[in-house]
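Residue numbers (this note's numbering), protein chains in the order written: chain A, 1 to 275; chain B, 1001 to 1128.
What follows is a short report on a single structure.
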Amino acid sequence: MKIKNIILLLPPHIWINCLTILLCGSAMSQEIKTLPDWSGVWERYEGNGGMFDIATTKPPEGRAGSLGVRQFPPLTEFWEKKYTHNLDLVALDRLPDPISICGTPAGYPRLLALPDVYEFIVREEKTWIITENGPNIMRIYTDGRALPGINERWPTYTGESVGSWDQGVLVFTTVSMIGEKNTVLDRSGLTLSDQAEISTRMFLNEEGLLRAELSIIDPIALTKPWNVIRHFRKLPSGTRIFDYACAENNRNPITSSGKTLTLGPDGIPIDVNFD
Amino acid sequence: MIFNKSYLLNTICIFLLLTFSQFTFAHHSSAMFDKNEIRTLTATVKEFQWANPHVWIQIYIVNSDDRREEWSIEGIGINTLFRRGWRPNSFIAGDIIEISFNPMLDGSNAGAFIGAKFQDGKILGKWE
């Protein structure tokens, strides 16, 4: 009996099932094909020693942690005072930067402005942002789920992120970040509250840079949405990425007053004066 | 070979960044260093600590009283340094080098690495 005759003898529900599988399979493979190639190793494009918002940094070439260098987000009066206080601490070398203690992640959105390199792992259901300078692993769910309910989330370093793909653009919303309690956006001491919500669009631009456009709202810290753009450039093929154990040989502990010490090879402070 | 314009631009940018950028201390504040002063000394390498979050080059110098002093020179983390061509044996105990650094503001025996020149002409970091 010929195959054609066998197919014609199949009952209608088998036909429908086969057709469904073919159509869905085709649609899924089409979806997978449209995911962009963000493979390889990347590094931040903007310099300034990790200043988060380069567009409002003054002076423009100022580096994070340097005297008098700040940025100008649309801060509320209350939050501007907090920022000014932190800038005063920077001037005294007393800003307690959480990542200096070697234990906690930089968190989102600061993880977009770190030194060393990045990997962006793209799958249909999830994207991971992995920073070499860590520990930072951010997970962005694109499997159709909603953000967790209010009673099912608590402030974390990278928060909760869900989103979707739109023509090669990863669009996602991040909530439930830990905010000023244990993160800063950079070493100028800028912070957000734990009520911040960030809408992010990430895509490859025409120059081959991976571009992240952030719109940040924060009813406590900001008077209006704050738009920040960051870029990443791809490093040559074969670039290696490594472990980063911050506590491995940390000879710069922080005192209770926030001062950074310098230890000799024997573990005793080299600093002439310290508290 | 066809060169994409943006690829070429990126390559040039990366080269300039790797070649001429100053070290940035990602892990901690660099407020303890005097960035307006550069000291250059002849030194003997005592030990090279190849580890994160910073490499440390322990060196001996001879001070103005003709006495040997140990100094600690701090660099950035090993991951980025590896990608800039450094290796775990970039400095070996006994190497005689010229080394330049930003000294500590308080005058203590430490500094932030800028560059080193070896007797065979090899250079690491920034050297002018």
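In this text, a Cβ means the ideal position worked out from N, Cα and C, and glycines have one as well.
- Taking a Cβ-Cβ cut-off of 9 Å, the neighbours of A:V272 in chain B comprise M1104, D1106, G1107 and S1108, given in sequence order.
- Counting C-beta atoms within 10 angstroms of its own C-beta, A:P73 has 16 or more neighbours from the protein chains shown and is therefore classed as buried.
- The beta carbon of A:L89 is closer than 6 Å to those of L95 in its chain, skipping five residues each way along the sequence.
- Per DSSP, the beta bridge partners of A:P269 are A:L263.
- For B:W1071, the uninterrupted beta strand (DSSP E) run begins and ends at R1068 to E1074, by DSSP.
- Bridge pairing for A:M202: A:L170 and A:A212 [DSSP].
- Here the alpha carbon of A:Y244 sits roughly 8 Å from the alpha carbon of B:N1079.
- For B:Y1060, the enclosing beta strand (DSSP E) begins and ends at W1056 to V1062.
- Residue contact check for B:N1052 against chain A: a CB pair falls below 7 Å.
- A Cβ-Cβ contact shorter than 7 Å links A:V162 with A:Y141.
- With respect to the C-alpha of A:E160, the residue from A:Q167, A:G168, A:G149 and A:V169 having the closest C-alpha is A:G149.
- Chain B has no Cβ within less than 7 Å of the Cβ of A:D37.
- The straight-line gap separating the alpha-carbon atoms of A:S66 and A:P115 is approximately 16 Å.
- For A:R230, the enclosing beta strand (DSSP E) covers residues W226 to K234.
- Taking all protein chains shown into account, A:F172 has 16 or more neighbouring C-beta atoms within 10 Å of its C-beta and is therefore buried.
- Taking CB atoms only, B:N1036 has no neighbour in chain A less than 7 Å away.
- In the structure shown, A:P59 falls within a coil segment according to DSSP collapsed to helix, strand and coil.
- Shown in chain order are the members of the region 1077-1106 of chain B whose Cβ falls below 8 Å from a Cβ of chain A: G1077, I1078, N1079, T1080, F1082, R1083, M1104 and D1106.
- If one requires a minimum length of 4 residues, no alpha helix (DSSP H) run lies completely within the region 86-161 of chain A.
- Contact between A:A221 and A:T76 holds, since their C-beta atoms are separated by about 6 Å, short of 8 Å.
- For B:S1072, at least one C-beta of chain A is nearer than 7 Å to its own C-beta.
- With fewer than 16 other Cβ atoms inside 10 Å of its own Cβ, A:W128 counts as exposed.
- Taking 7 Å as the CB threshold, B:Q1058 lines the interface with chain A.
- The beta carbon of A:T174 sits no closer than 7 Å to any beta carbon of chain B.
- Contact annotation: A:L192 and A:D166 have beta-carbon atoms that are not nearer than 7 Å.
- Taking every protein chain shown into account, the CB of A:L92 has fewer than 16 other CB atoms within 10 angstroms, so this residue is exposed.
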